[in-house]
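Below: the structure, in structure tokens.
Residue numbers (my numbering): 5 to 783.
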């Protein structure tokens, strides 16, 4: 019999129950006990949904992030929270979210601010994790409370549990040494704690433990290869069976290493990896080792071609027998919960899709076919094939006009008329901005009133004229607040937008939209990726009306706000029947039309966000060039049709981008704004060895934390930036958009930011006068 198992399940709940419970708790509106109770209820429901799966993951549920959970399990807490003696959950949220120095957080009587842990993307996904922090003196101490409690719950509900943990090598690899020490020097300290945890699980009757090691699909030097051998040779004495789980790519040159690790089983991704890679791996595996194959995508929402999978897997089952396990490619954390909840998607599109629960149904069906033969599930297989064929031939997927436009793309579309050195003086003359110009990234708080008006309008209970009036009132409020704050380049606040990708997808042909297709981005932040199902075109202008109205309210420059093609692509569920590069070019042509319409409407500053450029990189550097070539070219096609005097901005979210700085420069945006505050400007280290040619705004205000930065702190951050970037090319801005914050937080934070910019201008003016006097005296 082939074992079927799951690597992880979405934790937010089908109706985002976890999101609302967390936010209620953080606001002090509900108790810790209510939050914990909700967590237990969600876990019970999720385990019930996985009935019929031979091994069910336990420990994949988290109140914020599974990597942060692992840090607490290992006792690896940042020094700034180690001396907190209150409730462990509150300390956990201190690391996740930070804590303001102004008063308490509603659940503690402790004073003093705490900086949030740095946050970055989980490999090449849009999920964010809290980066583990290390120093040469880091010590580890087991705290198995959370995992054992969830295991006890699972046992009480007769769940055949497979605990899930982040593996020791991946844990070190994705962390950051705050003192510049070698992270791998900590491995010998770390492994005894892992061994203690594994043996504790054995004492609880656990047979299998899933140890997630996605770092194994990256390019490993000899030091990291040695770390894997060292780690698992030390852990092989533990009294449980280890299933090392790799995903997000193929093992390639790491096949020999992975195959020979002294563990009981190995999971490989045959969806984002390759079937050839798996076939080669089989010949390397010892005869006793289980091979788990990820045959259903854990990252996309299209139905699996079940007959095709069976054509491939049936010979594997004959060859491996009980040693063959099948599973999704990775945790189902990255897909929505249940397609059956949908009321917005039409029946045709629904017939093409599978969310987490439906993916498990597919897995069960494959298991049944392998055990009993295809005849036992012939009706289901026929329905699956019919749905796939309908999708392949649908005119909702294929648009000849879009295909013709793609064929007309030429190199000149991606080139500005002049170089930055020629454009910059023209833009300066038009915009007349001071030194250290201030701006924000685009959005302002999405209040309850905004969300209510939008939901009423979408439900047909509010006429467009009334909705437009409500949104215009919110736009005017944002403009007046920014004028009062004395910001230099304004934004309209994006009151009318539900999400930076979904908003545009709703106005492009080739997209479909779910009602409950939510996935977790970080903590309580959930996104509902639009479904890119066909060729993309733009029927009409999408943003011009709102930006033009905002500009009419002020004499200050107003930024037009757009999401770039690479980010729309990477934050969508993308069709799998053509290369992603082709879909990206289609998006580029559509957004280019919007850019040109904004310019014709008199908008002189246009921001094209590419928050997700970095996360789309393949996990292996040898494959980066191909991706960066088409991604950067797509941005340039979008941005570069404008006149020299039009200033193009772009923005990038939490990403380690130092290693692709040359490609970012190739985008040729006049101004780039980036998130740097959580890393204390470490992300600007790239500029010590690379002379970035254009202007840059390093974020000085961490908008993902309730902390309000001080004026002095912002000045210090910008002074660090000025050590690397010429001051006449520096902007002052928050890390990201402000939609998730409250006005009561935003106004004081931006007040401090503007005051810091004015202090910097005065300081630079005094420095310039002093330098001039010194030169005069010298002369």
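Heads up, the beta-carbon is just placed ideally off N, CA and C, and yes, glycines get one too.
Here the structure is a predicted model, which is why all the values come from computation and not from measurement.
Distance between residue j and residue i (C-alpha atoms, nearest Å)
i	j	result
residue 513	residue 408	16 Å
residue 353	residue 301	18 Å
residue 441	residue 703	13 Å
residue 265	residue 259	10 Å
residue 450	residue 650	29 Å
residue 18	residue 529	14 Å
residue 622	residue 538	24 Å
residue 495	residue 35	37 Å
residue 749	residue 192	44 Å
residue 327	residue 286	11 Å
residue 412	residue 624	32 Å
residue 109	residue 89	Reliability fails at residue 109, whose pLDDT of 42 lies under 50, so the model's placement of it is uncertain and no value is given.
residue 572	residue 336	21 Å
residue 118	residue 739	18 Å
residue 434	residue 560	11 Å
residue 303	residue 10	14 Å
Nonlocal neighbours in the same chain, by C-beta distance under 6 Å from residue i, ignoring five residues either side
i	result
residue 68	100, 527
residue 569	588, 591, 592, 595, 638, 642
residue 106	Low per-residue confidence applies at residue 106: pLDDT is 46, beneath 50, and the placement is therefore not dependable, though the value from the model is reported in the following sentence. None.
residue 763	719
residue 521	340, 532
Cβ pair residue i, residue j closer than 8 Å
i	j	result
residue 547	residue 565	yes
residue 674	residue 424	yes
residue 498	residue 532	no
residue 148	residue 77	yes
residue 318	residue 626	no
residue 360	residue 339	yes
residue 736	residue 757	yes
residue 246	residue 215	yes
residue 47	residue 208	no
residue 447	residue 743	yes
residue 5	residue 375	yes
residue 540	residue 518	no
residue 629	residue 656	no
residue 313	residue 370	yes
residue 700	residue 676	yes
For residue i, the nearest candidate out of the options (CA to CA)
i	options	result
residue 251	245, 277, 267	277
residue 706	25, 102, 36	102
residue 500	56, 515, 479	479
residue 299	286, 293, 306, 333	333
residue 481	503, 492, 454	454
residue 331	92, 340, 275, 729	275
residue 552	720, 631, 606, 387	606
residue 726	180, 261, 689	689
residue 273	134, 220, 90, 164	220
residue 200	234, 125, 238, 229	238
residue 504	465, 576, 477, 439	576
residue 390	235, 305, 356	356
residue 717	741, 731, 760	760
Residue environment, residue i, which counts as buried when at least 16 other CB atoms sit within 10 Å
i	result
residue 429	exposed
residue 397	exposed
residue 240	exposed
residue 619	buried
residue 589	buried
residue 290	exposed
residue 366	buried
residue 292	exposed
residue 162	exposed
residue 186	exposed
residue 492	buried
residue 693	exposed
residue 668	buried
residue 167	buried
Residues near residue i in its chain [Cβ-Cβ closer than 7 Å; skip 5 each side]
i	result
residue 545	598, 601
residue 752	712
residue 322	none
residue 309	392
residue 144	78, 79, 80, 193, 194, 197
residue 755	489
residue 284	259
Beta-carbon proximity list for residue i, same chain, < 8 Å, skipping 5 on both sides
i	result
residue 217	171, 173, 174, 232, 248, 249, 250
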